[in-house]
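Written out below as structure tokens is the structure these notes cover.
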Amino acid sequence: MSDLRILGKRLGQRAGQEAIVLGKITEKSSDGMSAEITTTDDARINVTFHEPLDSNVSNYIEVRGTVKSRSTMFSNNFICFPPDMIKDFVLPKPPGYVFAMSTVFTC
């Protein structure tokens, strides 16, 4: 698995490849097998999971998987962050993370 973290707006550059995306779950299917995620750079992407999300999940998530298009990916693995773990990271969105990811791709 690739360890390349990318911003949502750059997802299309990795079509057919693996990537890691961080975002907030904004909408979840009733069966938990897919969700819309708003990434840290405000891109909306649709993610399909290989196992259903817990019904209580509604916070930040890191998705590792295969990029299908500029707005879709298939999750091979994911980590859901509890609110107390990210309280200092998200105020109201993490500009430091976006800046760091932007810098990585412009160097």
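Numbering (this note's numbering), first residue to last: 190 to 296.
Yeah, the Cβ is synthetic: ideal placement off N, Cα and C, and Gly gets one too.
Item, Value
"Residues bridged to V180 (per DSSP)", "As displayed, the chain neither begins before 190 nor continues past 296, which places residue 180 out of reach and without an answer."
"Euclidean distance between Cα positions of M274 and N266", "19 angstroms"
"Straight-line Cα distance separating S219 from L200", "25 angstroms"
"Sequence-distant residues of the same chain with beta carbon closer than 8 angstroms to S223, five excluded per side", "K217, N235, V236, T237 and F238"
"Per DSSP, cross-strand counterpart(s) of S223", "T237"
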